[in-house]
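Student:
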Amino acid sequence: MSKMEVKTSLLDNMIGVGDMVLLEPLSEETFIGNLRKRFEHNEIYTYIGSVVISMNPYKSLPIYTADKVEEYRNRNFYELSPHIYALADEAYRSLRDQDKDQCILITGESGAGKTEASKLVMSYVAAVCGKGQEVNKVKEQLLQSNPVLEAFGNAKTVRNDNSSRFGKYMDIEFDFKGDPLGGVISNYLLEKSRVVKQPRGERNFHIFYQLLSGASEDTLKKLKLDRDFSKYNYLSLDSATVNGLDDAANFRTVRNAMQIVGFMEDEVQSVLELVAAVLKLGNIEFKPESRVNGFDESRVKDKNDLKEMCELLGIEQSVLERAFSFRTVEAKMEKVSTTLNVAQAYYARDALAKNLYSRMFSWLVTRINESIKAQSKSRKKVMGVLDIYGFEIFEDNSFEQFIINYCNEKLQQIFIELTLREEQEEYVREGIEWTNIEYFNNAVICDLIENNQNGILAMLDEECLRPGTVTDETFLDKLNTICAEHQHFESRLSKNSKFLTDHSLPHNCFRIQHYAGKVLYKVEGFVDKNNDLLYRDMSQAMYKANHSLMKLLFPEGNPAKVNLKRPPTAGFQFRASVGTLMKNLQTKNPNYIRCIKPNDKKAAQVFTDSLVCHQVRYLGLMENVRVRRAGYAFRQAYEPCLERYKMLCKQTWPHWKGPAREGVEVLLKDLEVPKDEFAYGRSKIFIRNPRTLFFLEERRKQCLEDLATLIQKIYRGWKCRTHFLLLKKSQVVVAAWYRRYAQQKKYQKIKSSSIVVQSFIRGWKARKILRELKYQKRCKEAVTTIAAYWHGTQARRELRRLKHEALSKRAVSVIWAGWQGTKARRELKQLKEEARRKHAVAVIWAYWLGLKVRREYRKFFRANAGKKIYAFTIQRIMQKYFLGLKNSMPSMSPIDKSWPARPYMFLEGTHQELRRIFHLWRCKKYRSQFTEEKKAIYEEKLEASEIFKDKKALYPCSVGQPFKGDYLEINKNPKYQKLNSVIDEKVLLADVVNKINRANGKGASRIFLLTKKHFVLADQKTGQVKASVPLPDLSSVSVSTQSDGFFALKLKEGTPSAAKGDFLLSSDRLIEIITKLHRSGTASAEREPINVDISDEFLVQFKQDQVCVKFIQAGPKNGNSVSCKRKNNRLLEVSVPSP
4 MSKMEVKTSL LDNMIGVGDM VLLEPLSEET FIGNLRKRFE HNEIYTYIGS
54 VVISMNPYKS LPIYTADKVE EYRNRNFYEL SPHIYALADE AYRSLRDQDK
104 DQCILITGES GAGKTEASKL VMSYVAAVCG KGQEVNKVKE QLLQSNPVLE
154 AFGNAKTVRN DNSSRFGKYM DIEFDFKGDP LGGVISNYLL EKSRVVKQPR
204 GERNFHIFYQ LLSGASEDTL KKLKLDRDFS KYNYLSLDSA TVNGLDDAAN
254 FRTVRNAMQI VGFMEDEVQS VLELVAAVLK LGNIEFKPES RVNGFDESRV
304 KDKNDLKEMC ELLGIEQSVL ERAFSFRTVE AKMEKVSTTL NVAQAYYARD
354 ALAKNLYSRM FSWLVTRINE SIKAQSKSRK KVMGVLDIYG FEIFEDNSFE
404 QFIINYCNEK LQQIFIELTL REEQEEYVRE GIEWTNIEYF NNAVICDLIE
454 NNQNGILAML DEECLRPGTV TDETFLDKLN TICAEHQHFE SRLSKNSKFL
504 TDHSLPHNCF RIQHYAGKVL YKVEGFVDKN NDLLYRDMSQ AMYKANHSLM
554 KLLFPEGNPA KVNLKRPPTA GFQFRASVGT LMKNLQTKNP NYIRCIKPND
604 KKAAQVFTDS LVCHQVRYLG LMENVRVRRA GYAFRQAYEP CLERYKMLCK
654 QTWPHWKGPA REGVEVLLKD LEVPKDEFAY GRSKIFIRNP RTLFFLEERR
704 KQCLEDLATL IQKIYRGWKC RTHFLLLKKS QVVVAAWYRR YAQQKKYQKI
754 KSSSIVVQSF IRGWKARKIL RELKYQKRCK EAVTTIAAYW HGTQARRELR
804 RLKHEALSKR AVSVIWAGWQ GTKARRELKQ LKEEARRKHA VAVIWAYWLG
854 LKVRREYRKF FRANAGKKIY AFTIQRIMQK YFLGLKNSMP SMSPIDKSWP
904 ARPYMFLEGT HQELRRIFHL WRCKKYRSQF TEEKKAIYEE KLEASEIFKD
954 KKALYPCSVG QPFKGDYLEI NKNPKYQKLN SVIDEKVLLA DVVNKINRAN
1004 GKGASRIFLL TKKHFVLADQ KTGQVKASVP LPDLSSVSVS TQSDGFFALK
1054 LKEGTPSAAK GDFLLSSDRL IEIITKLHRS GTASAEREPI NVDISDEFLV
1104 QFKQDQVCVK FIQAGPKNGN SVSCKRKNNR LLEVSVPSP
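FYI, the numbering for the sequence shown is 4 to 1142, going by my numbering.
1. So what's residue 8 in DSSP terms, helix, strand or just coil?
2. Taking the straight line between their C-alpha atoms, what separation do you get for residue 205 and residue 1007?
3. If we count Cβ pairs, one from each stretch, closer than 8 Å, do we get three or more for the region 199–214 versus the region 123–141?
4. Can you say whether residue 754 is buried or exposed, counting buried as having 16 or more other CB atoms within 10 angstroms of its CB?
5. On the DSSP bridge assignment, give the partners of residue 1053 in chain order.
6. How long is the line joining the alpha carbons of residue 374 and residue 981, rounded to whole angstroms?
7. Scan the region 10–82 and note each continuous beta strand (DSSP E) run of 3 residues or more that stays entirely inside, going in chain order.
8. Assuming residue 85 contacts residue 21 (C-beta within less than 8 Å), just tell me the rounded distance between them.
9. If contacts are defined as beta-carbon pairs under 8 Å, then residue 258 and residue 271 qualify, I think. What distance do you get, rounded to the angstrom?
10. Are the beta-carbon atoms of residue 663 and residue 61 separated by less than 7 Å?
11. Can you tell which of 185, 79, 1041, 1052 has the C-alpha that lies nearest to the C-alpha of residue 1033?
12. Output needed for residue 623: all residues of its chain with C-beta closer than 7 Å, excluding positions within five of it in sequence on either side, in chain order.
13. Determine the contact status of residue 991 and residue 971, defining contact as a CB-CB distance below 7 Å.
14. If you compare alpha carbons, which of 172, 914, 643 is closest to residue 83?
15. Quick one: what does DSSP say residue 517 is sitting in, helix, strand or coil?
16. Could you name the residues that DSSP lists as bridge partners for residue 167?
17. Pull up the distance between the alpha-carbon of residue 10 and that of residue 509, whole angstroms please.
18. Assuming residue 389 and residue 172 are in contact, meaning their beta carbons sit under 8 Å apart, how far apart are those beta carbons, in whole angstroms?
19. Cβ of residue 1069 within 7 Å of Cβ of residue 1049?
20. Let me check one thing: in DSSP terms, what residues is residue 598 bridge-paired to?
21. Just reading off the beta strand (DSSP E) that residue 980 is part of, what are its end residues?
22. Measure the CB-CB distance between residue 159 and residue 273 and report whether it falls below 7 Å.
23. Distance, Cα to Cα, residue 1016 vs residue 1056?
24. Going by DSSP, which residues form a beta bridge with residue 291?
25. Would you decide whether residue 593 is buried or exposed? Buried here means 16 or more other CB atoms lie within 10 Å of its CB.
26. I'd like to confirm something about residue 365: is its beta-carbon nearer than 6 Å to some heavy atom of the ligand ATP, or not?
27. If we ignore side chains and look at the alpha-carbon of each, how far apart do residue 540 and residue 422 end up?
28. Taking residue 320 as the reference, give the member of 1095, 1073, 549, 902 with the closest Cα.
29. Below 8 Å on the Cβ atoms is my contact criterion, and I expect residue 676 with residue 695 to pass it. Report the Cβ-Cβ distance as a whole number of Å.
30. Return the first residue and the last residue of the alpha helix (DSSP H) that residue 350 is part of.
31. Can you tell me where the alpha helix (DSSP H) with residue 234 in it begins and where it stops?
32. What residue does the beta strand (DSSP E) around residue 1127 start on, and which one ends it?
33. Can we say the region 350–359 touches the region 140–151, given the rule of at least three CB pairs closer than 8 Å?
34. Are there three or more Cβ pairs, one per stretch, closer than 8 Å when the region 107–124 is compared with the region 583–599?
35. Would you call residue 412 buried or exposed, if buried means 16 or more other Cβ atoms sit within 10 Å of its Cβ?
36. Assuming residue 938 is part of the beta strand (DSSP E), what are its boundary residues?
This is the structure:
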């Protein structure tokens, strides 16, 4: 099943009807009933074609989460249930993919949720567009501009606790990828009369209450304010606190938002001073003082508030006090000074307060635009978001309601024109026959108001500029004369007799029949509000103020540029602004959000039919539905249509292989839909009647139920089969493991039995062999014994025989022999006796000599033998030690720390001394290979170690990098020929560094040259020398302890080089640069050595200002790069990534 089939469509699970074009039957009652039904089920969004109707729920709903954003991202407008995200996504994708500029028009009554709708659109666009540090910064600034403008331009009214009292149009600019580059905000008609007077039950602008509630005691003391609201005349007390609004927390939010948008701290303070000045201005009261000529002159009652206000703005008290008492009128070359009475003084005070606040608000918008404007000058795509006041019908309607309703008339006019044009263009694009649609064209009402000759605004301007007595009554008389016959103008004093007896129409009023209904306007105050007059004396007094913003806010007060021409009226300015806005909107593709307020109680789940019906009428929603339904009520591209309904035809289910249009034709033919109920466009199918669409949906619902049953059946079968196969597989595995276990047990049993049997057999065999060996041994012994006895017997027999023969044959010989033997034995005995005597002497002599030798030897052995043996042993051990040391010597590298182990404890001292001597010898051999240049490099490395080791985190990275010095090859590179000709000394170091700008923390590339007497900074592109500083003028160098490359070159005070201040630079070769600077300082006996200060916070002198440079550890979300940002005029913050 495809992706579209499993998602919630506009037509799936509908509560009521999601698109009013499909409402059947169509009437005002069914329209209101459908809105009510959806509202009761928290469905606050409904479509009219591509228009979104938004109901204010007056409660939080869980429909704006990050998951919802992803759900509507890159989806078709009608693919999901109605939501404001769908419209925002459609507009963003059209802008990004089709290169069409977009505008989103948000209209409705006050309290209908227009401001929240604009925030939701902007937050959605911010969520779906690209990511990145710069893009995120732009998005954050665009979003944070809202809290600032709401604080200064929104107020609590009887209908809305956060009502926008100004119109806002924001153009958000995107690049070709769809990433935001910046924006431009236009504001329209701030309700500045609210500054001096608020209707009952309403408040002044939020910022006054936020300042008094949320500012610190120190801030209030500086602004000379008190927290008590009752002490200020311009603040109404009956609605000073609003349930659900935390003014103190909102003030902190506004301060934070101003900082994110880019306001400097002194700018924020200046704005707060102006707000405090407006509050003080409202407390100034006047008393009459009679003059000699009989006229009353106004005087300030209590001058304390006047004094405090003048101190806040830096104005001389006497100048402002005179402006409240006198008015100077200039005509050609004449000046006339007249006194102001008390009423005129109060008018001047209120006019000043209104102008001061409104001009400050305009400056805020301009300042925000400076921060959020796109920096790139390339062509940009634009999405405009218009959040402007809705149509207003009050009990007392004055000039403000008149021009607000005029703006809504123009928006309604462009809405009808663009809607019809879009409808007609789609029909022509799709090749469908177009039928003209009749509708009410409110151009006649717009002409009544804005016609240059007979329009109400033109006559009001003419009346304001006319010499003589001009009042609201004379203006009404003029209207009654010129507009009497106009069908949409009603007045009781006009020439039209049908209104003479209309008692619902007072004499000092006129009524206009707008497209949203009739509105009764009180003519009182029209002339004064249109004039919007501020006395020139007031402007000039404000221009003289020392406050940083006064000259910008009151440029007409410059005495050198006095302009006698009357300033344009409020009506003229607003008409011009609306005209510019309309031209801007007509160049963009429109998207509409119509906001409706369900009740006047600001309560959740309360739906007032009469109120909603009134808004539906004046928003022209029914007419919009009729325009949309005049041709075909529903249209859809062929692919999603076929994808949705293909299961209704066997030929298209489950896959259609041909073109989508042919598939839709086959589908509708099979369903037997009448041909007059639909038409084929080039890329879309058009369905005339909603009943046909509901017929298709009903058939689809039935088919889906059948398909669901089939899917359930197949799934259950698959699940059971899968479970069975899993059980079978598990059984096989279990059986295999069991058989393995049983065989292992059987094998172990057989193995142990075999070992027992083998041991018994081996024992039996051994015993058998032992018995055989013993038997063989006994046999051999027996044979030997028998042979011995037998040989003895034979020998004895032979001896007896020989004896017998000797006795018988040689008796004489025996006797003679016996005699000779006796004689010989006697001689032998004598000889033996003599020999024994001689032998005894020799033995005794030998023993004596041995005794002497032994005595001498024993004496010698006891005296020296031990030492000689010890010396011999030690000699052999040392010989063995040195031979072993010779065969295991370490390498000749000085960094090789290995050394053979000590073999004997008594050699410990010798072993270490030999190690030391060997290391010194190989270091000497290693040094003997050095050239003078290499020796200097190692001396620099040694000095760098003394300065930075264990102090600077960047130092370990520089140890393995050789100090090259001239990285740019100044003498060889022709690019730097001009720079080389300027430098007449030997260049010790040449590299590219970044010079940090204290205004924004950004770096500019510079060439850094170091000679023996100077260091030079030059432009990288042109080679032009920007600064050349003698080394004696350099007092110290400051760096941080972290892994960044920032360093500050601090110059001695009073030297010529110190005029422009210190240098804050950044380089990847910081260690080498500072080492060479330090060596240059220590090499000269004439100069003091340069001090190197290593700290995470140090001061740098920029011209007359001292700026603190602070280094902090950055979080993981900031990436791995070092960034420098300006926090305020006195602080540069450097974010260093964590190691």
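The beta carbon of each residue, even a glycine, is placed where N, CA and C say it ideally should be.
Tutor: This is what the structure gives:
1. As a position in the sequence shown, residue 8 is number 5, starting the count at 1. Since pLDDT at residue 8 reaches only 38, below the 50 mark, its modelled position is unreliable, and the value read off the structure follows with that caveat. Correct three-state label for residue 8: helix.
2. The count along the sequence shown starts at 1 and reaches residue 205 at position 202. The count along the sequence shown starts at 1 and reaches residue 1007 at position 1004. Residue 205 and residue 1007 have their C-alpha atoms roughly 53 Å apart.
3. Judged by Cβ distances under 8 Å, the region 199–214 makes no contact with the region 123–141, as fewer than three pairs qualify.
4. Position 751 of the sequence shown holds residue 754. Per the 10 Å Cβ criterion, exposed.
5. For the purposes of this step, residue 1053 is taken as the residue at position 1050 of the sequence shown. Bridge partners of residue 1053: 1039.
6. Taking the first residue of the sequence shown as position 1, residue 374 is located at position 371. Taking the first residue of the sequence shown as position 1, residue 981 is located at position 978. Rounded to whole angstroms, residue 374 to residue 981 spans 40 Å at the Cα level.
7. Fully enclosed beta strand (DSSP E) runs of 3 or longer: 48–51, 54–58.
8. Numbered from its first residue, the sequence shown carries residue 85 at position 82. Numbered from its first residue, the sequence shown carries residue 21 at position 18. The pair is a contact, with the Cβ atoms about 5 Å apart (cut-off 8 Å).
9. Along the sequence shown, one-based indexing puts residue 258 at 255. Along the sequence shown, one-based indexing puts residue 271 at 268. In this structure residue 258 is in contact with residue 271, their Cβ atoms being roughly 7 Å apart against a cut-off of 8 Å.
10. Walking along the sequence shown from the start, residue 663 turns up at place 660. Walking along the sequence shown from the start, residue 61 turns up at place 58. The Cβ atoms of residue 663 and residue 61 lie no closer than 7 Å to each other.
11. Locating residue 1033 in the sequence shown gives position 1030, counting from the first residue. Of the candidates 185, 79, 1041, 1052, the one whose C-alpha sits nearest the C-alpha of residue 1033 is 1052.
12. Looking up residue 623 in the sequence shown gives position 620. Cβ neighbours of residue 623 beyond the five flanking positions: 415, 518.
13. Against the sequence shown, residue 991 aligns to sequence position 988. Against the sequence shown, residue 971 aligns to sequence position 968. Contact: no.
14. Translated into the one-based positions of the sequence shown, residue 83 becomes position 80. Each of 172, 914, 643 was checked against the Cα of residue 83, and the nearest Cα belongs to 643.
15. As a working mapping, residue 517 is identified with position 514 in the sequence shown. In the structure shown, residue 517 sits in a strand (DSSP, three-state: E or B).
16. Counting from one through the sequence shown, the residue named residue 167 turns up at place 164. BP columns for residue 167 point to 157.
17. Along the sequence shown, read from residue 1 onward, the residue named residue 10 stands at position 7. Along the sequence shown, read from residue 1 onward, the residue named residue 509 stands at position 506. Since pLDDT at residue 10 reaches only 41, below the 50 mark, its modelled position is unreliable, and the value read off the structure follows with that caveat. Roughly 59 Å between the two C-alpha positions.
18. Here residue 389 refers to the residue found at position 386 of the sequence shown. Here residue 172 refers to the residue found at position 169 of the sequence shown. Confirmed, Cβ separation roughly 5 Å.
19. Position 1066 of the sequence shown, counted from the start, is the residue given in the question as residue 1069. Position 1046 of the sequence shown, counted from the start, is the residue given in the question as residue 1049. For residue 1069 and residue 1049, yes; Cβs fall inside 7 Å.
20. To locate residue 598, count along the sequence shown from 1; it is residue 595. For residue 598, DSSP records a beta bridge to 57, 111.
21. Sequence index remark: in the sequence shown, residue 980 carries index 977 (1-based). Careful: residue 980 lies outside any beta strand (DSSP E), inside the alpha helix (DSSP H) at 980–985.
22. Working through the sequence shown from its first residue, we reach residue 159 at position 156. Working through the sequence shown from its first residue, we reach residue 273 at position 270. Result no, Cβ atoms of residue 159 and residue 273 do not sit closer than 7 Å.
23. As a working note, residue 1016 is residue 1013 in the sequence shown. As a working note, residue 1056 is residue 1053 in the sequence shown. Each residue's Cα considered, the two are about 19 Å apart.
24. Your numbering for residue 291 matches position 288 in the sequence shown. Bridge partners of residue 291: 301.
25. Stepping through the sequence shown from its first residue, residue 593 is reached at position 590. Of the other Cβ atoms in all chains shown, 16 or more fall within 10 Å of the Cβ of residue 593; this residue is therefore buried.
26. In the structure shown, the ligand ATP is absent, as is every other ligand, since no ligand is present at all.
27. Against the sequence shown, residue 540 aligns to sequence position 537. Against the sequence shown, residue 422 aligns to sequence position 419. Straight-line measurement puts the Cα of residue 422 at about 51 Å from the Cα of residue 540.
28. Within the sequence shown, the letter at position 317 stands for residue 320. Distance from the Cα of residue 320 is smallest, within the candidate group 1095, 1073, 549, 902, for 549.
29. Residue numbering aside, residue 676 sits at position 673 when the sequence shown is read from its first letter. Residue numbering aside, residue 695 sits at position 692 when the sequence shown is read from its first letter. Contact holds; Cβ gap of about 6 Å.
30. Here residue 350 corresponds to residue number 347 of the sequence shown, with the count starting at 1. In the DSSP assignment, residue 350 falls within the alpha helix (DSSP H) that extends over 345–375.
31. Counted from its first residue, the sequence shown places residue 234 at position 231. Where residue 234 is concerned, there is no enclosing alpha helix (DSSP H), because DSSP gives it neither an H nor an E.
32. Stepping through the sequence shown from its first residue, residue 1127 is reached at position 1124. Following the DSSP letters along the chain, one finds residue 1127 inside the beta strand (DSSP E) bounded by residues 1126–1131.
33. Cβ pair count under 8 Å is below three, so no.
34. Using a C-beta cut-off of 8 Å, the region 107–124 makes contact with the region 583–599, since at least three inter-stretch Cβ pairs fall below that distance.
35. Taking the first residue of the sequence shown as position 1, residue 412 is located at position 409. Under a 10 Å Cβ-count criterion, residue 412 is classified as buried, with 16 or more other Cβ atoms of the shown protein chains found around its own Cβ.
36. Here the question's residue 938 lines up with position 935 in the sequence shown. Here residue 938 belongs to no beta strand (DSSP E); instead the alpha helix (DSSP H) covers 935–951.
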